[in-house]
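Residue numbers (this note's numbering): 28 to 189.
All C-beta atoms in this analysis are idealised placements derived from N, C-alpha and C, irrespective of residue type, glycine included.
Written out below as structure tokens is the structure these notes cover.
Quick look at the structure:
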């Protein structure tokens with residue numbers, strides 16, 4: 028079930044632009060997912076644990092209008108309202124889309140350096156639907172870490188002239 032959340036996190040992160048620039052601040056963000064609940068066949072499976080992860084937002088994924096305009100094949104936005112520090116996004120997908128949900132609704136609020144949202148995902152078949160909901164909060168923590176070269180890659184080899 029966690030794979031549904033992991034798959035959709037980039038979409039959820041992209042739903043939180045900055046009101047003054049319509050974009051998130053680029054850099055490293057800390058995101059927490061809590062109050063996750065899954066329902067299937069009349070059973071509710073709450074997850075009491077809060078999951079926290081760090082991720083980098085780049086110029087390519089900090090504008091939600093661009094990210095959500097590029098929906099997967101066989102998916103469409105039935106609602107895309109992003110304005111005045113608030114957003115509501117609803118995507119619907121057919122089985123041919125090969126994404127792990129049929130419907131996703133995300134609602135929340137944002138600033139340039141933080142956001143909060145709640146989401147609901149419907150997956151499974153019409154006969155056996157599964158819903159998952161959770162609350163997500165995130166804040167900007169600073170610059171993204173710079174990748175470092177491994178010591179072996181930067182050490183001169185015997186064949187390297189001095």
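Own chain, CB closer than 6 Å to residue i, minus 5 neighbours either side, in chain order
i, result
"residue 59", "77, 79, 164"
"residue 158", "66, 149"
"residue 89", "50, 51, 53"
"residue 162", "61, 62, 145"
"residue 171", "54, 55, 83"
Cβ-based neighbour list, residue i, same chain, cut-off 7 Å, excluding 5 preceding and 5 following
i, result
"residue 120", "99, 101, 102, 126, 128, 129"
"residue 86", "53"
"residue 73", "64"
"residue 169", "54, 55"
"residue 31", "Low confidence applies here, because residue 31 scores a pLDDT of 48, under 50, leaving its location unreliable and the question unanswered by this model."
"residue 156", "149"
Where the beta strand (DSSP E) through residue i begins and ends
i, result
"residue 82", "78-84"
"residue 87", "Careful: residue 87 lies outside any beta strand (DSSP E) and carries neither H nor E."
"residue 73", "70-74"
"residue 98", "Note, residue 98: premise wrong, no beta strand (DSSP E); not H, not E."
Cα-Cα separation between residue i and residue j, rounded to whole angstroms
i, j, result
"residue 106", "residue 131", "10 Å"
"residue 141", "residue 56", "9 Å"
"residue 49", "residue 147", "24 Å"
"residue 54", "residue 154", "43 Å"
"residue 75", "residue 160", "13 Å"
"residue 71", "residue 64", "7 Å"
"residue 122", "residue 68", "20 Å"
"residue 84", "residue 117", "22 Å"
"residue 174", "residue 81", "15 Å"
"residue 61", "residue 176", "35 Å"
Identified DSSP bridge partners for residue i
i, result
"residue 161", "146"
"residue 105", "Residue 105 is not bridged to any residue."
"residue 64", "73, 160"
"residue 57", "81, 166"
Cut-off 8 Å between Cβ atoms - residues of its own chain near residue i, not counting five sequence neighbours on either side
i, result
"residue 124", "99, 100, 101, 102"
- request: Write down every uninterrupted run of the beta strand (DSSP E) in the region 108-157 whose length is 3 residues or greater and which is fully enclosed by it, in chain order.
  value: 113-120, 130-138, 141-151
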